[in-house]
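For the sequence shown, the numbering used here gives the first residue as 8, with consecutive numbering after it.
All residues carry an ideal CB built from backbone N, CA and C; glycine is no exception.
Written below as structure tokens is the structure these notes are about.
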Amino acid sequence: MGHVKLFIPGPIEVSAKTLAAFAKPVIGHRSQAFKDLYAKIQPRLQQLFYTKQPVFISTSSAWGVMEGSIRNLVNKKVLCCGNGAFSDKWLDVSLRCGKEAEALTVDWGSPVRGAAIEEKLATGEFDTVTFIHNETSTGTQSPLAEISAVKKKYPNVMFIVDTVSSMSGQKIPVDDLGFDVVLCGVQKAFALPPGMALFTVSEAAFERAASVKGRGYYFDFLEFKKNGDKSMTPSTPVINHVYALESKLDEIFTEGLDARFARHQKLADMTRGWALKHGFTLFPDEGYESVTLTCVNNGARPEKGGRIIDVEKFVKLVKAEGFLINGGYGKIKGTTFRVSNMGDETPETMNELFTAMDKAIAQL
Ligand SMILES: *Cc1c(COP(=O)(O)O)cnc(C)c1O
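See below:
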């Protein structure tokens, strides 16, 4: 069997053009050529993140920056909002970093709401909050504007936002929202291979970091700032990945941000339409569905009703057609399944997948 095209919600399919962009000579990371490359992509990254703050390049997967954010910002206690597998893990990571941490637990499939965060912050116990914009395990989005309003009431509380699977797929106006750290990996909506993460840090977060002991070295925000000011990274970065990011940014800005965001919305609508047409319901609460992936309910939320199939068999049949979708994650494995529409997909390529899914479902 040849290549099975990835429609799992990360890592996702990477184009031949992007892969080819890696194949350039390695340059020294302290060379003028590297500084020029860094300086060239920096304004575009800022435009994509809607920020005037620097956007840093980390040679790690997203979890590196997630852990780094905790180590840089938590002096007192962190509130970890959990409504799925990835967000639940923040609590575990915070505790492993030796920080005081508490969970704000929300049902899987429901969004994290501003009021719930505000109630916790009113206790005065917390100096940091973590939450995930697009909880990839459940295909659920939490409302950024609503949570931003809480951040603005508590300017001294640092808000760390995981946009790992949404950044570049939809508009996330970082400076308007006022969040302190906004981070993402590049193997999701950017459609780059795994191995790099991007993140922004607010002025307030740099100030906080300066007061926190035990930041370590590799993810020290102040090291990133010091080096970033000179168009460099603290340690040797994944240089050829930066070439690939440059190539991807060319594509993103050729398409145009608004067109890119509209395309993702359209592809998500098509995927939801496929699920509903086949008698399924969607896993997230209505109105909070992700725009970069669709999590289909397959009995995980019985109150929602809808069709139930043998997911494992379905995923295998779709794979035999040359496409990989995901059969559910964590405690909702098998009782949901997920389809990504991130990256370079178009209505045509989604329809190819839907044809394969139609064929597979007819064989169940
Ligand atoms: C994939 C994912 C992560 C983990 O990212 P890594 O790059 O594997 O470290 C974290 N959060 C969300 C929302 C994700 O989708």
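By the C-beta density criterion, Pro241 is buried, having at least 16 other C-beta atoms within 10 angstroms. Distances from the CA of Lys311 to each of Thr301, Glu293, Ser155 and Leu324 were compared; the closest alpha carbon is that of Glu293.
Take Val164, set aside five residues on each side of it, and the residues of its chain with a beta-carbon closer than 8 angstroms to its own are Leu128, Phe133, Asp134, Thr135, Val136 and Lys158, in chain order.
The beta carbons of Phe186 and Val168 sit closer together than 8 angstroms. Thr301 is a Cβ neighbour of Arg345, given a cutoff of 8 angstroms.
For ligand 1, a non-hydrogen atom lies closer than 7 angstroms to the CB of Trp70. Each residue's CA atom was taken as its position, placing Leu274 and Ser175 some 14 angstroms apart. C-alpha of Pro309 to C-alpha of Ser347: approximately 23 angstroms in a straight line. In the three-state DSSP reduction, Ile48 falls in the helix class (H, G or I). By the 16-neighbour rule on beta-carbons within 10 angstroms, Leu151 is buried. In this chain, the alpha helix (DSSP H) harbouring Asn358 covers Pro354 to Ala369. The C-alpha of Gly75 is placed about 29 angstroms away from the C-alpha of Asn333.
Distance from Arg215 to Leu102 at the Cβ level is roughly 20 angstroms; contact not present, criterion being Cβ atoms closer than 8 angstroms. In the DSSP assignment, Asn141 is bridged to Gln148.
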